[in-house]
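Below is one structure; the comments refer to it alone.
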Amino acid sequence: SPLLGSVIMALGKVNMIAEAGELFGFMGIAGCKSNTYVYNCFITVLSEAGFLDDAHVIYMQMCDTKNCQPDLVTFNILIDKFGKAGRFAEAFYYLEALKHKGIEPDVKTYTSLIGSLSMAGKVDQAYEMFHSIREKRHLVNLVTHTELIKGLGRAGKIDSAMALFREMKVLSFDPDVATYNVLIDSLVKRGGFEDGHKLLEEMERNGLTPNHRTFNSLISGLAKVNKLDAADGLYKLMLQKGVVPNFYTYANLIGSFCRGGQVARACELFKEMEAYYDVKSSENGCSHVEESGLLGSEGIAVVHNVFLKGLVEASMIKEAYAHFKQMHERGCPPDLISFTTIFGALGKAGELKRASFLFQMMKDADIKPDLVAYNALLANLGKIRKLKEVRDLVNEMVSAGLNPD
RNA sequence: GCAUUAGCCCUGUU
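So this is what it looks like as structure tokens:
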């Protein structure tokens with residue numbers, strides 16, 4: 207069973223959900239005793255892939271068993287995933303069910319809920335929950351505080367975020383790099399670069415080493431107020447300090463330079479990234495490790511897409527299209543977002559035939575259009591009254607199981 | 001005993 211569980215998890219990580227389900231089916235037979243651990247692994251896989259209702263079905267199956275009743279881990283997974291999806295009725299139902307079974311929620315249960323609530327724009331409710339448990343020291347920790355500081359900061363309640371930041375220090379929950387990062391991010395996203403920078407100095411005084419995320423936030427803050435040279439300077443500084451940039455770094459910089467009309471510098475950075483990426487991958491074969499600052503091919507795809515969008519916004523559709531066509535040979539085949547960016551731009555520019563052609567090409571490449579992709583095409587078809595095409599497309603999306611909005 | 005659950009940075013339509 208320990209093996210079964212970890213294989214199920216591994217399959218989930220590479221999105222082989224059907225296969226994970228097949229293996230899960232072996233539990234209880236073939237000499238494999240059912241246990242809660244394997245159930246929990248499968249519930250994790252399903253819910254991380256977005257199959258929340260299926261995860262719930264498995265939970266119900268557990269409830270019907272004799273030896274595999276849902277435990278705290280089961281509930282924590284479900285509460286976290288339903289909460290992050292904004293399905294609070296269910297999340298709170300699980301919280302009640304858990305208490306009803308006589309299980310005590312733990313710090314992860316509450317931290318998840320506080321995080322989900324604040325990301326859904328319900329910071330007040332998150333704060334209320336925090337308030338109701340903060341006296342019980344075992345129910346809150348560093349992560350709980352960081353989560354709430356993030357929520358308050360994102361909601362623009364910087365003063366409350368700073369207040370909580372001071373309070374946690376008094377309570378000896380020592381802020382770590384992530385805590386500083388969420389605060390710095392909130393500050394600079396609202397134009398408070400100077401305050402963010404002060405926090406950077408403070409964290410260094412406290413013996414904490416800023417990481418690539420710290421720099422990414424600071425860079426995006428500078429870019430937001432169009433201080434591109436300063437952003438570039440910070441990028442160089444992070445390299446100097448030996449902090450490894452990741453694809454977020456490049457996405458930030460490249461997008462900003464395009465928007466600021468400095469497409470040449472954006473191209474330069476793009477090449478720099480590709481060179482950097484090549485070197486790093488050959489240095490240690492499998493270096494797509496998030497902690498080192500590198501990301502896998504999904505990360506590269508994001509940078510390509512940001513670049514495409516940047517070129518489009520700089521009215522360089524020809525160049526965007528040229529780059530789009532190069533993506534394949536650059537080892538990064540265009541994905542749904544690349545296609546949508548390009549045919550959206552072509553459509554907007556009145557090139558509807560080419561837009562429709564690309565839309566078809568995308569489907570031929572077995573990439574399923576989603577709601578956004580249909581909308582991007584429909585908006586432009588609608589503008590020039592191609593009502594028959596509009597009707598056909600709407601029918602198509604409905605039969606694909608999408609709900610037109 | 002071991003394994004499964006919480007926090008920080010990026011992209012497409014309106």
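Under this note's numbering, the first residue of the first sequence carries the number 207, and numbering increases by one thereafter.
Glycine included, C-beta positions come from ideal geometry on N, C-alpha and C.
Computed from a predicted model, the values in this text were never measured in an experiment.
Cβ-Cβ distance between residue i and residue j below 8 Å
i    : j    : result
L564 : Y580 : no
A261 : I223 : no
S462 : L443 : no
A585 : A551 : no
V329 : K290 : no
V263 : I214 : no
G505 : N458 : no
F513 : F549 : no
N587 : V578 : It should be pointed out that residue 587 corresponds to Leu in this sequence rather than to Asn. In this structure, V578 does not lie closer than 8 Å to L587 by Cβ.
V509 : I543 : no
R293 : L258 : yes
I390 : L370 : no
A555 : I523 : yes
R465 : G516 : yes
M325 : G357 : yes
T546 : A507 : no
Inter-residue Cα distance where the pair is residue i and residue j
i    : j    : result
G427 : A472 : 18 Å
T271 : M233 : 13 Å
L405 : D312 : 31 Å
D380 : L348 : 7 Å
I573 : K219 : 20 Å
A384 : E407 : 15 Å
G211 : C274 : 14 Å
N511 : L209 : 39 Å
R372 : S366 : 10 Å
L424 : M603 : 41 Å
A612 : L304 : The chain is shown from 207 up to 611; residue 612 falls before or after that span and cannot be answered.
F399 : K239 : 56 Å
K375 : E310 : 27 Å
V244 : L323 : 29 Å
A297 : L440 : 42 Å
G607 : D576 : 10 Å
Y299 : N387 : 33 Å
K314 : G413 : 27 Å
P539 : S338 : 50 Å
F530 : E474 : 17 Å
Q468 : N432 : 11 Å
C492 : V450 : In this prediction, C492 scores a pLDDT of 44, lower than 50, which makes its location untrustworthy; the coordinate-derived value is nonetheless stated afterwards. One C-alpha to the other measures close to 15 Å.
A561 : L301 : 48 Å
A216 : C247 : 10 Å
Q566 : N221 : 26 Å
P416 : T455 : 14 Å
Q267 : S605 : 31 Å
G397 : S378 : 30 Å
For residue i, the three-state DSSP class (helix, strand or coil)
i    : result
N581 : helix
H418 : helix
V449 : coil
I285 : helix
P610 : coil
S423 : helix
Q267 : helix
L320 : The question names Leu, but residue 320 in the sequence shown is Ile. If DSSP states are grouped into helix, strand and coil, I320 belongs with the helices.
H494 : Here the model assigns H494 a pLDDT of 41, short of 50, so the residue's position is not dependable, and the following value carries that caveat. Coil, per DSSP.
D435 : helix
N246 : helix
N241 : coil
A520 : coil
P208 : helix
I309 : coil
R411 : helix
V220 : coil
N511 : helix
R293 : coil
F476 : helix
A255 : coil
Distance cut-off 7 Å: residue i Cβ against heavy atoms of the ligand HEM
i    : result
L301 : The ligand HEM is not part of the structure shown, which contains no ligands of any sort.
- Cβ contact (3+ pairs, closer than 8 Å) linking the segment 282-289 and the segment 316-325: yes
- Of all the alpha helix (DSSP H) runs that stay within the bounds of the segment 325-401, which reach a length of 4 or more residues? 329-339, 348-360, 364-376 and 383-395
- Query: In the segment 530-604, which residue ranges form an unbroken alpha helix (DSSP H) of at least 4 residues, counting only runs that do not cross its ends?
  - Reply: 542-554, 558-570 and 577-589
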